[in-house]
Structures are given as C-alpha cells and as structure tokens.
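Engineer: Let me give you the structure first, and then I'll get to my questions.
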Amino acid sequence: MKFSFSKKFQNKSQKKQAQRQHQAAQSDTLAFSDKVSLHQFSCHQCGAATEYLPSSQKLICTSCGHEEVIQPVSHQITETPLEKGFKNLRIKPLSPINNQVLCQNCGASSTWDIDSLSDLCPYCQTPIAKLDTENNRLQIEAIVPFALSKNSAKKSLAKWLKNRWFAPNTLKQMQGHYKQFEGIYLPHWTFDSLTHSDYSGLRGEYYIEYITQTRIVNGRPKTVRTPVTRTRWFRVAGQVRVMFDDILVLASMIIPKIIINRLRPWHLSEAVAYTPEYLAGLKSKYYQLDLQQAFKVAQQSMNTEINRAIRQDIGGDRQQIQHKKTRYQNSTYKLILLPVWYSSFEYRGKRYQTVINGQTGKVSGEYPKSHFKIIGTVILVTLLTTGVFYWWSHYGSGTY
Ligand SMILES: [Zn+2]
Ligand SMILES: [Zn+2]
22 MKFSFSKKFQ
32 NKSQKKQAQR
42 QHQAAQSDTL
52 AFSDKVSLHQ
62 FSCHQCGAAT
72 EYLPSSQKLI
82 CTSCGHEEVI
92 QPVSHQITET
102 PLEKGFKNLR
112 IKPLSPINNQ
122 VLCQNCGASS
132 TWDIDSLSDL
142 CPYCQTPIAK
152 LDTENNRLQI
162 EAIVPFALSK
172 NSAKKSLAKW
182 LKNRWFAPNT
192 LKQMQGHYKQ
202 FEGIYLPHWT
212 FDSLTHSDYS
222 GLRGEYYIEY
232 ITQTRIVNGR
242 PKTVRTPVTR
252 TRWFRVAGQV
262 RVMFDDILVL
272 ASMIIPKIII
282 NRLRPWHLSE
292 AVAYTPEYLA
302 GLKSKYYQLD
312 LQQAFKVAQQ
322 SMNTEINRAI
332 RQDIGGDRQQ
342 IQHKKTRYQN
352 STYKLILLPV
362 WYSSFEYRGK
372 RYQTVINGQT
382 GKVSGEYPKS
392 HFKIIGTVIL
402 VTLLTTGVFY
412 WWSHYGSGTY
C-alpha cells in the first residue's frame, strides 16, 4: 500500500478553509513543513481518513466503509547488535524534536506532544503518523497490532472493576463513563543476551548439634539433649551462563511503569515487522528512555536471574554470593510498539488511571477503595478469628 501525501477534501468550503489555514500555517512553519515527513492514511476509494481495525489486517474508511488489507512488510523482524545501537546514538545524538505537524488533509498546523509519533489532527480528526526515523530516533522494528477492539477493552475493564471487592458500589454502577478511553502504542525495548558470570562465595550446609542442658522436671534436675540446627560454611567459586531472550523494558514515561508492567505477559511471537498503517487512528509514542538507560534497567532484571542461577550452582542449604563479574555476550536489541487501551476516570474529585493490554485484555490500574468495605472486612475477619479461637480453645483442644 502507498501512503497518500496528497490533500483530499470532502467539499469546497472545507477546501477553502483549509487553504486559508494552510497558508497561515505555512507562514509559521515553513521551516518545519519541509522537514517533517508524515504518513496519512487515505481511502483509495473516496479519499477520506482510514483507521486500523483491531484484530484484522485491515484499514477501514471512516466515511465509505471501504476496507483495505494491510500488506505485510517483506523483511523479517531483526534484532540489532547492542554495540551498533550505541554507536548510532553517538553519531546521531537526540536532537530537539520537531513537534510542529502540518495536516495534509485540512492544511492546519498543530503542535504535538514532544513524544508523539501518531495522533489525530485536532482540527479534522485525520489520523497522522510521523516517520519513525524523524529526529534521529532509532528505528522501530516491530509492532504488536491491537487485537482487542475498544468495546472489548471497555468490557474487560468493567469486568475488572466489578471484581474489585473494595471498589465502592457507586463506582461499579458508573461503568462506561470514562473521562478518556483511547488506544496508545507504547514503545518498549527488548534485549537478548548471553551472560557469563564468574562468582565466588560460600555454601552453607546444615548439621545438627546436640546441646546438653539441665532442666528441672517435676521438681528434680534432669539432663536433656536438645538438637540445634547449625550451618557449616565452605568456600566456593564457579561460573554460570544464562541466556536471556526478549527482556522487556518500557521506554515511555507517560503512564507509571508500575501500572504498565502489570500488563505482562505479552505474546511477542505475535509481533509483526513495523509498518505505520497499524497506527492509523491510534496514538503512539516515541521512546523517552534511550537505549543505554534501558539496557541498565534490563541488566537489573537479568541480575536477579543470574543470582538465582548462581545460588542454584552453589547448592547446599544456604548460599552467599561475595564476588561476581558478568560479561554480556551477543547482546542485541529491538524497539517494539505494544498496544494499550488507556482510560482515566474521576471519582469524588480524584483521577484514577487504568490500562488494558490491547493484545490479551489483561487490566491493571488504580481504583478508589471504599473505607466502609475495608472497615467492614476487618471487623468480619476479627470476628471470625475470635470465633474460631473460642471454638478451638473450648472444643478443639480436647481431641489432642
Ligand atoms: Zn472511503
Ligand atoms: Zn487536519
């Protein structure tokens, strides 16, 4: 499929208005208009805007309903050696982002958020996507297209809220009244690496020691032997190799990491080679966390796994890791966009954010908790525990 760079107008008055806006915009943004290259997704039949239809391989026209199949990209998803990525960053450091966008449909110029890769034109709602290589960014390699439609995402969220025991009932009734409900592709880095770690430490093995003590039993001194568990430590050293595949690091900071990371697992095997058509009608973001920062985050999660492997290698009952040196071999990365439905709602003056995995429907987020329900539960649990204790002390103990 080809992207339409030509201006399409639905009627004459719109065309005139657009021309005026276009001229006005041109005088302001001439320097930019040559530089920013855009994808606009126009219907081949009527020229109106088209949008990506989740769970299909199609773009659908918002005006005439004409559907077009998205042609898969001919190349395979590849992972780039990390060193090459670092080198590219050195040659092409992040330049200030050009966030002036000139809509090819209505001619209006708008200022986007600095990290926006795709959005709708605020004047004519035409989907627009920037070229991902704009502003010296490392290239997006892959994308997991939205599989969940907006309606299905709303259903997932309603079900999730319904199952939040502590959520107030009034909130459960307001289902569907979300302040915001939009699809966003969030950038993530994935890292592969083969790690070799040399370590030294201690292996602890339990043994039983009997302590002889004198106690008073029935008014008389009596010698008793009590077993005590002790640990004998041995010096150990060794090497472990751990292979990592697709360690995922969120690269955007627009939604708290703790909320987004709970949307895992992602089925990355369903990713396709990146093509901007999947962005049509949806928002998407550039990375804010660069490759170097992201690799540090990945190393932290790899470190947890490496420690686990070392402890297993040491064996015994207890382990201490005293020194460790890790080499990362054959490290590669790729930049991937993952689909998230984002919603926020207000409840009693406070804003809550929730997200839905656009691939699996898994929900994560914040919600108000009813104090009444929490206090009620605490009272109930206390009553039950007291009741059980009472029953046990009166009837239960007799059976021993
Ligand atoms: Zn059409
Ligand atoms: Zn427009």
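Quick note, the numbering used here runs 21 ahead of the 1-based positions in the sequence shown. Positions of the beta carbon are idealized from the N, C-alpha and C atoms, including for glycine.
Using the C-alpha atoms, what's the distance from I268 back to G337?
Structural biologist: Approximately 30 Å between the Cα atoms of the pair.
Engineer: Going by other Cβ atoms of all chains shown within 10 Å of its Cβ, with 16 needed for buried, is C85 buried or exposed?
Structural biologist: The residue is exposed, with fewer than 16 neighbouring Cβ atoms inside 10 Å.
Engineer: Go through its chain and collect everything with a Cβ distance to A330's Cβ below 7 Å, but skip five positions before and after it.
Structural biologist: Counting only Cβ-Cβ distances below 7 Å, and skipping sequence neighbours, we find V261, V263.
Engineer: Quick check on the contact list: which residues have their beta carbon closer than 5 Å to a heavy atom of ligand 1?
Structural biologist: Those residues are C64, Q66, C67, A69, C82, S84, C85, H87, given in chain order.
Engineer: By Cβ distance, which residues of its chain are closer than 7 Å to P248, with the 5 residues on each side in sequence left out?
Structural biologist: So the qualifying residues of the chain are I229, Y231.
Engineer: Between Q125 and L80, how many whole angstroms is the CB-CB distance? I'm expecting something under 8 Å.
Structural biologist: The pair is not a contact, with the Cβ atoms about 16 Å apart (cut-off 8 Å).
Engineer: Using only CA atoms, which one of V402, W210, K180 lies nearest to Q314?
Structural biologist: Checked all of V402, W210, K180; the closest Cα to Q314 is W210.
Engineer: For K390 versus F187, is the C-beta spacing smaller than 8 Å?
Structural biologist: For K390 and F187, yes; Cβs fall inside 8 Å.
Engineer: How is R18 classed by DSSP in three states: helix, strand or coil?
Structural biologist: This structure does not reach residue 18, given that the chain is present from 22 up to 421, and the question cannot be answered.
Engineer: Taking the alpha helix (DSSP H) that F410 belongs to, which residues open and close that run?
Structural biologist: Looking at the DSSP string, the run of the alpha helix (DSSP H) that includes F410 is 392-415.
Engineer: Is the beta carbon of N120 within less than 7 Å of some heavy atom of ligand 2?
Structural biologist: Flag unset: Cβ of N120 not near ligand 2.
Engineer: Say the cut is 7 Å; is the CB of N126 nearer than that to a heavy atom of ligand 2?
Structural biologist: Yes, the Cβ of N126 comes within 7 Å of a heavy atom of ligand 2.
Engineer: Would you kindly report the start and end of the unbroken alpha helix (DSSP H) that includes A179?
Structural biologist: Element bounds for A179: 171-183.
Engineer: Go to I279, then tell me how far its alpha helix (DSSP H) extends in each direction, as first and last residue.
Structural biologist: From DSSP, the alpha helix (DSSP H) with I279 extends over 278-282.
Engineer: Between C64 and the rest of its own chain, which residues show a CB-CB distance below 7 Å, the 5 nearest in sequence each way excluded?
Structural biologist: The residues are T71, C82, S84, C85, H87.
Engineer: For I357, count the other beta carbons within 10 Å of its own beta carbon; 16 or more makes it buried, fewer makes it exposed. Which is it?
Structural biologist: Buried, because 16 or more other Cβ atoms sit within 10 Å of the Cβ of I357.
Engineer: Drop a sphere of 10 angstroms on the beta-carbon of V90, count the other beta-carbons inside from all chains shown, and report buried for 16 or more, exposed for fewer.
Structural biologist: V90 should be labelled exposed.
Engineer: If you draw a straight line from the C-alpha of G408 to the C-alpha of I396, how long is it?
Structural biologist: Cα to Cα, the separation comes out at about 18 Å.
Engineer: Is G382 helix, strand or coil when you go by DSSP?
Structural biologist: Coil.
Engineer: Compute every distance between the C-beta of Y144 and the non-hydrogen atoms of ligand 2, then say whether any falls below 7 Å.
Structural biologist: It does: the Cβ of Y144 is within 7 Å (strictly closer) of some heavy atom of ligand 2.
Engineer: Give the DSSP bridge partners of A294, in chain order.
Structural biologist: A294 is bridged to A163.
Engineer: Does V94 come out as helix, strand or coil in the three-state DSSP assignment?
Structural biologist: Note: V94 maps to coil in three-state DSSP.
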